[in-house]
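A short write-up of the structure that comes next.
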Amino acid sequence: MTDLPQLDFTDADLDRIADTEGRIVVFVPEDGTLDKFGRRIDKLTRGALKRFAESEAFGKMKDGSAHLMSWPSGLAAEAVQVIRLDRKTKGEAARKAGAAIGAALGPKGALVLGGGLRGLDDVVLAALLRCYAFDAYLSKKADAHGTLTVMGASEAAQDSARAQAALAEGVYFTRDLVNEPSNILTTTEFAERLKGLAKLGVKVEVLEEADLDKLGMRTLLAVGQGSESPSKVVVMTWSGGGDEKPLALVGKGVVFDSGGISIKPAVGMEDMTMDMGGAGTVAGVMRALALRKARANVVAIVGLVENMPDGKAQRPGDVVVSMKGDTVEVVNTDAEGRLVLCDIMWYVQDRFEPTAMIDLATLTGAVIIALGHEMAGVYSNDDALAKAFLNAAEAEGEGAWRMPLGKGYDEQIKSRVADMKNTGGRPAGSITAAQFLARFVKDGTPWIHLDIAGVASLKTSTTLAPKGATGWGVLALDRLVRDRYEPKPEPQPEPAPEETDGAEE
Ligand code: BES
Ligand code: ZN
Ligand code: MN
């Protein structure tokens, strides 16, 4: 797995600042007043920081943005990154600040003079997320990252910042899985990587084709039957809670989607290496939950298959019986995700009676037409659960937009020969896919379907991610678990006010 940079903490020892190599990061609020760290830097640089803080250039800076003072005299550091951020600011601006630190984190690391920031968690998380690079197959590797050292954080702030590293590791896990090409990340290799979660205390079970056949998961097996890679279902259980029933997470893990016999056009087909994004996200969430020892019960299930054209592949017009017993006419073998999901959704409800079920899938091109690459489509049969998820996504800056379900759409998936067909044509393509899945949700199970086709992997970089896999959803789902499925933690005390004692300078 791609390694995170090391995160370290040090006491507020101002005398270390002058000799620190690499980069130093200092925060200056809007009004330009310097804290004790800023005052020390100002003194060492003979007034340079104060001049900058009082300049017009500083006045024009936006919250969370950074300015680089290179090769400052009076310091051993190569540069001082001055970030405009108030010590009370949390959320978006603090994340932007962290991203600026992460994007510039070089081999010598950075000393972050941000112990007293209320937004320290955001700064640390964003810094860790932004320095991710997927260079497994590049002869010229990305620059190594030195240590990210935070000076002057209280014990509680350190613990809380360390928990951000658990989240970042979950996101890295998702990104690595989504970025891997399909000749490497076969169904077998995917299952192997998931087995690695066992070390963290996650129970991992792999169901093989023979098991799936016995269970009657025929729509899932039909998708994989044209591939040389065996279809697998992996069940991951994290039991950090009491004896309550678990939350279920369900992921589409199509390791490559050629479309099958309804083959896709050549242009852009290479992007279908990311069609396991749902499974990748679910895996990243489980990693984060285990690393931070979440006090909740969560079961995750992923369907790992490859959709290929072949003499043995399923054909358009085939009728297949799902595990639930409903029959499906496969009018388009490229609408394969719902065929994978419907069986594992049924199985996970049957076996675990979850208190709620959330599935994630790079399910339709149509959701990209509807929402672009800004927001995932959110479908739900439960307003309270949907609202809780949307709130969590908003708090994490992960775009999500509620979409409708409705009986009327069922008309589009009526089949002459079977209980339903697997596509409803072009109109409302993302909705009819969700409507198909809804038939496999048991009465009384609160459910969310997340169509992440537009957000799982991007051609452009974002504040927190380079081009490629984003890890969308890991943060929102982790937060949802915290908000809704874990006991509330003790309230944290606010950081102590900035010391006004000037003697230490
Ligand atoms: N994996 C694709 C959806 C997709 C498209 C994901 C673009 C990521 C980016 C899915 O299996 C698919 O092929 N859907 C078809 C459904 C259609 C045949 C009803 C689509 O969206 O075109
Ligand atoms: Zn697909
Ligand atoms: Mn497809």
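420 is the number of the first residue of the sequence shown in the numbering used here; add one for each residue after it.
By construction, the Cβ of each residue, glycine as well, lies at the ideal position given by its N, Cα and C atoms.
Taking a 10 Å sphere around the C-beta of residue 729, we find fewer than 16 other C-beta atoms and assign the residue as exposed. Per DSSP, residue 624 lies in no alpha helix (DSSP H); the unbroken beta strand (DSSP E) holding it starts and ends at 622-626. In the structure shown, the three-state DSSP call for residue 489 is strand. The beta-carbon separation of residue 867 and residue 823, rounded to 14 Å, does not stay under the 8 Å limit for a contact. The alpha carbon of residue 474 has as its nearest neighbour, out of 447, 570, 456, the alpha carbon of 447.
Residue pairing from DSSP leaves residue 456 without any beta-bridge partner. Contact check for residue 606 against residue 651 passes: the beta carbons are separated by less than 8 Å.
The nearest non-hydrogen atom of ligand 2 is less than 7 Å from the C-beta of residue 781. Ligand 3 approaches residue 755 closely enough that one of its heavy atoms is under 7 Å from the residue's Cβ. Around residue 648, the same chain offers 605, 606, 725 as residues with beta carbons nearer than 6 Å, after the five sequence neighbours per side are excluded.
A direct Cα-Cα distance of roughly 19 Å separates residue 629 from residue 672. Of the other Cβ atoms in all chains shown, 16 or more fall within 10 Å of the Cβ of residue 720; this residue is therefore buried. DSSP places residue 683 outside both helix and strand once states are collapsed to three, so it counts as coil.
With fewer than 16 other CB atoms across the displayed protein chains lying within 10 angstroms of its CB, residue 686 is exposed. Note that the stretch 695-703 does not touch the stretch 810-821; fewer than 3 beta-carbon pairs, one per stretch, sit closer than 8 Å. Buried is the label assigned to residue 444, since at least 16 other Cβ atoms lie within 10 Å of its Cβ. The three-state secondary structure of residue 657, taken from DSSP, is strand.
Relative to ligand 3, the beta carbon of residue 841 is positioned no closer than 7 Å to any heavy atom. Under the DSSP assignment, residue 746 falls in the beta strand (DSSP E) whose first and last residues are 746-749. Proximity of the stretch 870-882 to the stretch 794-802 meets the contact definition, three or more beta-carbon pairs being nearer than 8 Å.
DSSP, read as helix, strand or coil, puts residue 799 in strand. With a threshold of 16 other beta carbon atoms within 10 Å, residue 655 meets it and is buried.
In the DSSP assignment, the residues bridged to residue 568 are 427, 530. In chain order, 891, 892, 894, 895 place their CB closer than 7 Å to the CB of residue 817, counting only its own chain and leaving out the 5 sequence neighbours on each side. In the DSSP assignment, residue 777 falls within the beta strand (DSSP E) that extends over 775-780.
For the pair residue 538 and residue 513, the CB atoms are nearer than the 8 Å cut-off.
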